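Chains as they are written, first to last, in the numbering used here: chain D, 29 to 353; chain Z, 29 to 353.
Here it is in structure tokens:
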């Protein structure tokens, strides 16, 4: 999808006349919020002038930052497009004068009513990951940076987008055997810790709250690799399983340090390593931003295998959409 | 301690000559990072010109944002003052041209060697909370905002600082009985979920990773009240304990919604309510920023009671400071 054209049109038709784009608000709930973490990490890392905020939709509506206004781009994502908090967030952003870009998989979504530009994204195993929300939101933010202050890694990012689907297709095949073995080994566990760093920390959170808590009713907690040694590691023992997603790029030393400790003091340790899965062929200037895109797809294999062995379908819910809340 | 004088001196002696203060980096590890969350939330909420970043120290050193430089104020906190990652972060910030303010309880801390201004803070049950790091870091950021673009709630914030110690002293007495009952009731649990929102989400994280994981070797996970309904709530049942810290201020509706759901579908629910504990006497414009200051002190009563019943002293470690890592 043409994220460059969307951003350029918003800049020309709106931001140019109000003094320029200043803030990017990344707003969603649960799994869709997870998809925004890499974009937020990217803007925080690379931008000198754009202020990026990432907020769960209901907090955004109740406690929006003072800056939200006509120089703001608010990106709201909801898979079904009717999540009440996300629809309210898009409506609220528009009321405050912000431009909104929405993303959804539902062409009849209520969300679209509060959208200056909507991306109807692809989904499912046969879709390209570059057309899934995580890559699309990252791409929107790369374009926002490139078309305002410029981004030195822009050409490298485009090269990465051209390569990532091929890398992921190979990685998914590569983990078939090990994800099945993982599922057999851990089928009777009730609690998992999920570790990562950098752009992928959001997916550690996402795998915990979506794949395990929501879809498997399993207890789970995300941890940042850099924080592990400052408290959390005290629970490390031979009983609890740890899943460590090791990044390619700048924060890899943080993940490697966790790996070394867990190998010594833990017994149940599953390592998913972006380097071993081939991500290292991407340009060094941007490779770190693609880690979570890879991890999302690869970890889908792990959760599918686990769901299958546990005979707990990924779609089963007891509260979501079943009771009032 | 005079945070106003520290900020004014840094502005006059440094920032004025380089074009002004633009970024605030809040950098630490574990419990000290937790102390920075309210300040980061405050600047994100209230500031139009200052860009606030909160990062665990090792990620800051390996993947620092491009903006880190002469227009940046980096605040680094370490209780013992010799945490290698935090010392490295302060050194790195200075090398990049940033001004550093450090906070520690150790007058011989290595951290002080890389400090433009150091606050030797008070600690322990007989210290005032306004002289503890969470309130001090918040106060530094309030001053940074007031002395650059101005902050409408400044007088209210000072009024809050004058009242908060009295409120907390009463609240601690108020929870004596209930924290003892909590400890008796939950002494044999192995996993806790900790929920809050707004400025207090950081302390949900902190209670999980420091008070429970580090100090009690108990499994724990923080959750944002706004995110609970978008995945995590699927694990709610009658077996797992939930601790909900309910805020006074803008995000209270998010916490109330969780309370109502947990009362219906959970059995083991402990509610710690800032309103019931008297925080509502603070000015509405700033009350929300004081929630985590209150919760920190009040939750110390809960963790002490739990440690006592479990006969697991809060100081016991198996890895931290005991083995190489």
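Even for Gly, the Cβ is constructed at its ideal location relative to N, Cα and C.
Since the structure is predicted, the reported quantities are computational estimates derived from the model, not experimental observations.
Check whether the Cβ atoms of residue 175 of chain D and residue 99 of chain D sit closer than 8 angstroms, and answer yes or no.
-> no
Going by Cα to Cα distance, which pick from Z/122, Z/85, Z/154 is closest to residue 281 of chain D?
-> Z/85
Provide the residue span of the alpha helix (DSSP H) that contains residue 22 of chain D, from first to last.
-> Outside the shown range of chain D (29 to 353) lies residue 22 of chain D, about which nothing can therefore be said.
Hey, how far is the Cα of residue 167 of chain Z from the Cα of residue 125 of chain D?
-> 31 angstroms
List the residues that DSSP assigns as beta-bridge partners of residue 130 of chain D.
-> D/104, D/146
Under 9 angstroms (Cβ pairs) to chain Z, residues found in the segment 262-285 of chain D | 262, 263, 264, 265, 268, 277, 278, 279, 280, 281, 282, 285
Nearest-angstrom beta carbon gap, residue 94 of chain Z and residue 73 of chain D [assumed within contact, 8 angstroms] = 7 angstroms
Interfacial residues, the segment 210-237 of chain D to chain Z, with Cβ spacing under 7 angstroms | 219, 225, 226, 237
For the segment 70-81 of chain D, which residues have a CB atom closer than 7 angstroms to at least one CB atom of chain Z, in sequence order?
-> 72, 73, 74, 76, 79, 81
Spell out the partners DSSP gives residue 248 of chain Z in its beta bridges.
-> Z/220
Within 8 angstroms (strictly less), CB to CB, does residue 68 of chain Z reach chain D?
-> no
Taking 8 angstroms as the threshold, find out whether the segment 297-306 of chain D comes into contact with the segment 266-285 of chain D through three or more Cβ pairs.
-> yes
What in chain Z is Cβ-close to residue 87 of chain D, meaning under 8 angstroms?
-> 225, 226, 252, 254, 279, 282
Residue 181 of chain D versus residue 46 of chain D: straight-line alpha-carbon distance, rounded | 28 angstroms
Residue 59 of chain Z versus chain D: which residues are under 9 angstroms apart at the beta carbon?
-> 258, 259
In terms of residues, what are the limits of the alpha helix (DSSP H) holding residue 90 of chain D?
-> 85-90
Does the Cβ of residue 264 of chain D lie closer than 7 angstroms to at least one heavy atom of the ligand MN?
-> The ligand MN is absent from the structure shown, which contains no ligands of any kind.
Since residue 94 of chain Z meets chain D, which of its residues come closer than 8 angstroms, beta carbon to beta carbon?
-> 73, 74, 75, 76
Cβ of residue 64 of chain Z within 8 angstroms of any chain D Cβ = no
Contact set between residue 343 of chain Z and chain D, taken where Cβ atoms lie within less than 9 angstroms | Within 9 angstroms Cβ-Cβ: nothing; residue 343 of chain Z doesn't reach chain D, min ~12 angstroms.
Residue 309 of chain D - containing beta strand (DSSP E), residue span = Counting along the chain, residue 309 of chain D falls outside any beta strand (DSSP E), and DSSP gives it neither H nor E.
Cβ distance (whole Å) where residue 343 of chain D is taken to contact residue 207 of chain D below 8 angstroms = Contact flag wrong, Cβ pair sits at about 19 angstroms.
Under a CB-based cut-off of 8 angstroms, is residue 324 of chain D close to chain C?
-> This model lacks chain C altogether, as its protein chains are D and Z.
Residue 161 of chain D to residue 264 of chain D span [Cα, whole Å] = 34 angstroms
Sort Z/247, Z/211, Z/111, Z/259 by Cα distance to residue 361 of chain D and report the nearest one.
-> Any answer about residue 361 of chain D is impossible in this case: the structure gives chain D only from 29 up to 353.
Candidates D/131, D/38, D/257, D/335, of which the one nearest residue 352 of chain Z by Cα | D/257
Please check if any C-beta of chain Z sits within less than 8 angstroms of the C-beta of residue 159 of chain D.
-> no
Who pairs with residue 51 of chain Z in a beta bridge, going by DSSP?
-> Z/79, Z/100
Residue 286 of chain Z - containing alpha helix (DSSP H), residue span | 280-293
Interface positions of the segment 163-196 of chain D facing chain Z (Cβ-Cβ less than 7 angstroms), listed along the chain = none
Measure from the C-beta of residue 348 of chain Z to each C-beta in chain D and report whether the shortest distance is under 8 angstroms.
-> yes
Measuring CA to CA, which of D/97, D/42, D/113, D/131 is closest to residue 31 of chain D?
-> D/131
Per DSSP, which one or two residues make a beta bridge with residue 299 of chain D?
-> D/272
Report the neighbours of residue 245 of chain D on chain Z: residues whose CB is nearer than 7 angstroms to its CB, in chain order.
-> 262, 263
For the alpha helix (DSSP H) that residue 196 of chain Z lies in, which residues bound it at each end?
-> 182-202
Should the segment 64-72 of chain D be regarded as contacting the segment 230-237 of chain D, the criterion being three or more beta carbon pairs within less than 8 angstroms?
-> yes
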